[in-house]
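Peer 1:
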Amino acid sequence: MTRLSPRDKNAPRDVDTPSIIAGKSDVTLSQSKNTKKVFIKTYGCQMNVYDSERMADVLAPIGYAPVDTPDHADLVILNTCHIREKAAEKVYSELGRIRQHKDRNKPDMKVAVAGCVAQAEGQEIMRRAPIVDMVLGPQTYHKLPEMIAKVTREAGEVLETDFDTLEKFDHLPETRTAKGFSAFLTIQEGCDKFCTFCVVPYTRGAEVSRPVAQIVAEARSLAAQNVREITLIGQNVNAYHAQGPDGSEWGLGELIRHIALIGGIDRIRFTTSHPRDMDDALIETIGKEPKLMPYLHLPIQSGSNKILRAMNRDHSYEHYKNLIAKIRKSRPDIALSGDFIVGFPGETDADFEQTLKCVEEIGYGSSFSFKYSIRPGTPGASMHRQVPEDVKSERLKRLQDLLYTQQFAFNQSLIGRTLSVLVEGTGREDGQLFGRSPYLQGTHFNGPKDLIGQIVDVTITDAGKNSLIGKLE
Ligand code: SAH
Ligand code: SF4
Ligand code: F3S
């Protein structure tokens, strides 16, 4: 742990914070004495959503209960994303707002910056935003209790950005507190692919897989709390490999089939996959495992082989196209989703046309598309022939017009079909319920509240670009 310049060593010590956080028994004492409030704001991808939930699990035994606004919070944690410039800058503007709130209303509030901006710019955050008491990377949040004890005791600042990716999983509480009926479960962390545009290998560290037994224990704990759907997550989730209970090497396909055996878990998803790691065992599982939802997120980024090479994606458009054909053969009802970047350095009009052609040939049910954002320290940042901002904007618009037309057409094609919907809660209108279809669209329909948490059949009667309307069967 690196300690940074304490601001005021003589500041009064918080009497409610245990001076030594050694074991769970100390911690329970403090909980019964005082319940503090923590507000966690999550930016970025599903990995961060998972991490935020786990931070809440780590903080519960030392008396912190989660709240929905920073207004009365004793601790604010920003769980940040570094993927594009805008995402990273948001953190500093949010810190400005928090500073005003702290100065005016809550001078003893503690502020932590976690996640990928913390990992990438730890020292810089401390310098730019002195309001921040703690900086912790994505692999160190299990140390939050120690860090909180330290800053409340000594009123200094703490920076924790060690990189041992799997260590945290050995220290997180065994049980998860489920929120709702669908949950993310991290099975793989980090990335060794080093796409030339991307910060993830630097913020999350090397690619590692969690042991099967640990994953199964977590999935069981979720099932025991009425979770019906689990999304297995990782930056390269289909690179998952670990030793199975039978001693053989398991990939994601085997893991999915094993998790499907857990009673109560009726739906399984996984994200995000890389085209290079899509092996035959997984494609077979996609075809055969009924609990696996027919929706696959498989980013290609660009349709131009020249750009794919410059991005270090290590696959061609043809490889991707063949994969999709194989997957569709295995599971004909599958819907595809993808990620696209426009305006990568060196991308010409002709390269961009290849991306449009790719979208037309493949056909996507949903998608995420971005303008290339220069990330300091990545190889792309120093490449020649950066594309001007106005060209990027124009290309993004053209691409999104096409992708959204496909998305709308896909949703419309579901009208008249009966889909299974996991009911997550109520809708905005009286008597209305809200849930997710197998293809992840939000679906609204009328029905009694006791269906919340159940999987029901809904016949689709109308469809917009982003959501579906239906009738309970
Ligand atoms: N591991 C996942 C992606 C993680 S990042 C994968 O390989 O597919 C999510 C998406 O953000 C990426 O797929 C990419 O489309 C986008 N992205 C990453 N870095 C970016 C950058 N520098 N500029 C714009 N978009 C970026
Ligand atoms: Fe980033 Fe590429 Fe790794 Fe995905 S595979 S996280 S895009 S470096
Ligand atoms: Fe962002 Fe980190 Fe996820 S950079 S996209 S929060 S892995």
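If you're matching positions, the sequence shown starts at 164 in the numbering used here and goes up one per residue.
Note that the Cβ used here is the ideal one computed from N, Cα and C, for glycine as well.
The model shown is predicted, which means the values in this text are computed figures rather than measured ones.
#1: What does DSSP give as the partner residue(s) for asparagine 485 in the beta ladder?
#2: What residue range is occupied by the uninterrupted beta strand (DSSP E) comprising valine 621?
#3: Pick out every residue whose C-beta is nearer than 6 Å to a heavy atom of ligand 2: which are they, in chain order?
#4: Per DSSP, what kind of secondary structure is asparagine 401 in: helix, strand or coil?
#5: What span of residues does the alpha helix (DSSP H) with asparagine 574 cover, start to end?
#6: Quick check: is any heavy atom of ligand 3 less than 7 Å from the C-beta of histidine 245?
#7: Is it true that the CB of cysteine 244 sits closer than 8 Å to the CB of valine 298?
#8: According to DSSP, isoleucine 431 sits in a beta bridge with which residue or residues?
#9: How would you label leucine 631, buried or exposed, when you count the other beta carbons within 10 angstroms and need 16 or more for buried?
#10: According to DSSP, simplified to helix, strand and coil, what is alanine 473?
#11: Which same chain residues, not among the five before or five after tyrosine 403, have their C-beta less than 7 Å away from its C-beta?
#12: Would you say the segment 265-282 touches the segment 295-315, given that touching needs at least three Cβ pairs under 8 Å?
#13: If you draw a straight line from the alpha carbon of alanine 382 to that of glycine 426, how long is it in whole angstroms?
#14: Could you check which residue in Ala544, Arg391, Arg262 and Ala473 has the C-alpha nearest to that of glutamine 617?
#15: Round the Cβ separation of asparagine 485 and threonine 359 to the nearest angstrom and send it over; I've been treating them as touching at under 8 Å.
#16: Apply the 10 Å Cβ neighbour rule to isoleucine 184 and answer buried if 16 or more other Cβ atoms are within range, or exposed otherwise.
#17: State the beta-bridge partners of glutamate 323 as determined by DSSP.
#18: Any heavy atom of ligand 3 closer than 7 Å to the CB of threonine 366?
#19: Residues bridged to isoleucine 504 by DSSP?
#20: Using a Cβ-Cβ cutoff of less than 8 Å, which residues in the same chain neighbour glutamate 248 once the five nearest sequence positions on both sides are dropped?
#21: Looking only at DSSP bridge pairs, what is alanine 369 linked to?
#22: Can you tell me where the alpha helix (DSSP H) holding glutamine 464 begins and where it ends?
#23: Taking its Cβ as the centre, do 16 or more other Cβ atoms sit within 10 Å of threonine 606, making it buried, or is it exposed?
#24: Apart from the five residues just before and just after alanine 544, which ones in its own chain have a Cβ nearer than 7 Å to its Cβ?
#25: Tell me the DSSP secondary structure of phenylalanine 357 in three-state form.
#26: Measuring only the C-alpha atoms, how far is methionine 289 from glutamate 516?
#27: CB of leucine 543 to nearest heavy atom of ligand 3: below 7 Å?
#28: Going by C-alpha distance, which of Gln464, Arg432 and Thr198 is nearest proline 457?
#29: Can you check the segment 189-237 for any beta strand (DSSP E) of at least 3 residues that lies completely inside it and give the ranges in chain order?
#30: Just checking glutamine 209 against ligand 1 - is the residue's beta carbon closer than 7 Å to any of the ligand's heavy atoms?
#31: With 16 as the cutoff for other CB atoms within 10 Å, does glycine 627 come out buried or exposed?
#32: I think histidine 264 touches lysine 356, with their Cβ atoms under 8 Å apart; what is that distance to the nearest whole Å?
Peer 2: Inspection of the coordinates gives the following:
#1: Your numbering for residue 485 matches position 322 in the sequence shown. Its beta-bridge partners do not exist; DSSP assigns none.
#2: Walking along the sequence shown from the start, residue 621 turns up at place 458. 618-626 is the extent of the beta strand (DSSP E) around valine 621.
#3: Cys354, Lys356, Phe357, Cys358, Cys361, Val363, Pro364, Gln398, Asn399 and His437
#4: Within the sequence shown, residue 401 is the residue found at index 238, counting from 1. If DSSP states are grouped into helix, strand and coil, asparagine 401 belongs with the helices.
#5: Counting from one through the sequence shown, the residue named residue 574 turns up at place 411. Counting along the chain, the alpha helix (DSSP H) containing asparagine 574 begins and ends at 552-576.
#6: For the purposes of this step, residue 245 is taken as residue 82 along the sequence shown, with counting starting at 1. Yes, since a heavy atom of ligand 3 falls inside the 7 Å radius drawn around the Cβ of histidine 245.
#7: As a position in the sequence shown, residue 298 is number 135, starting the count at 1. As a position in the sequence shown, residue 244 is number 81, starting the count at 1. No, the pair does not count as a contact, with Cβ atoms beyond the cut-off.
#8: Locating residue 431 in the sequence shown gives position 268, counting from the first residue. Isoleucine 431 pairs with Ile393 and Leu455.
#9: Counting from 1 along the sequence shown, the entry for residue 631 is found at position 468. With 16 or more Cβ atoms within 10 Å of its Cβ, leucine 631 is classed as buried.
#10: To locate residue 473, count along the sequence shown from 1; it is residue 310. Note: alanine 473 maps to helix in three-state DSSP.
#11: On the sequence shown, position 240 is the one that residue 403 refers to. Cβ neighbours of tyrosine 403 beyond the five flanking positions: Ile350, Gln351, Ser372, Gly397, Gly414, Leu415 and Leu418.
#12: yes
#13: Residue mapping note: residue 382 aligns to position 219 of the sequence shown, counting from 1. Residue mapping note: residue 426 aligns to position 263 of the sequence shown, counting from 1. Going by the C-alpha atoms only, they are around 10 Å apart.
#14: Taking the first residue of the sequence shown as position 1, residue 617 is located at position 454. Cα-wise, what sits closest to glutamine 617 is Arg391.
#15: To locate residue 485, count along the sequence shown from 1; it is residue 322. To locate residue 359, count along the sequence shown from 1; it is residue 196. Asparagine 485 to threonine 359, Cβ: 24 Å. No contact.
#16: The residue you call residue 184 lines up with position 21 of the sequence shown. Note that isoleucine 184 scores 23 on pLDDT, short of 50, meaning its location in the model is unreliable; the coordinates nonetheless yield the value given after this. Counting Cβ neighbours within 10 Å, isoleucine 184 comes out buried, since at least 16 surround it.
#17: By one-based count along the sequence shown, residue 323 stands at place 160. Glutamate 323 is bridged to Leu299.
#18: Along the sequence shown, one-based indexing puts residue 366 at 203. Yes; taking the cut-off as 7 Å, the Cβ of threonine 366 has a heavy atom of ligand 3 nearer than that.
#19: Position 341 of the sequence shown, counting from 1, holds the residue named residue 504. Its beta-bridge partners are Phe533.
#20: Translated into the one-based positions of the sequence shown, residue 248 becomes position 85. Closer than 8 Å at Cβ, skipping near neighbours: Ser536, Ile537 and Arg538.
#21: Indexing the sequence shown from 1 puts residue 369 at position 206. The partner list for alanine 369 (beta bridge, DSSP) is empty, contrary to what the question assumes.
#22: As a first step, residue 464 is located in the sequence shown; it is residue number 301 there, counting from the start. Premise fails: glutamine 464 is in no alpha helix (DSSP H) and is neither H nor E.
#23: As a first step, residue 606 is located in the sequence shown; it is residue number 443 there, counting from the start. The residue in question, threonine 606, is buried, as its Cβ has 16 or more Cβ neighbours within 10 Å.
#24: Locating residue 544 in the sequence shown gives position 381, where the first residue counts as 1. So the list reads Ile537 and Arg538, once near-sequence residues are dropped.
#25: Locating residue 357 in the sequence shown gives position 194, counting from the first residue. Reduced to three states, the DSSP call for phenylalanine 357 is coil.
#26: By one-based count along the sequence shown, residue 289 stands at place 126. By one-based count along the sequence shown, residue 516 stands at place 353. So the alpha carbons of these two residues sit roughly 44 Å apart.
#27: Residue mapping note: residue 543 aligns to position 380 of the sequence shown, counting from 1. A small correction: the amino acid at residue 543 is glycine; leucine does not occupy that position in the sequence shown. Because no heavy atom of ligand 3 lies under 7 Å away, the Cβ of glycine 543 does not count as near it: no.
#28: Locating residue 457 in the sequence shown gives position 294, where the first residue counts as 1. Closest by alpha carbon: Arg432.
#29: 199-205 and 227-229
#30: Walking along the sequence shown from the start, residue 209 turns up at place 46. No, ligand 1 has no heavy atom inside 7 Å of this Cβ.
#31: If you number the sequence shown from 1, residue 627 lands on position 464. By the 10 Å Cβ count, glycine 627 comes out exposed.
#32: The residue you call residue 264 lines up with position 101 of the sequence shown. The residue you call residue 356 lines up with position 193 of the sequence shown. Contact flag wrong, Cβ pair sits at about 40 Å.
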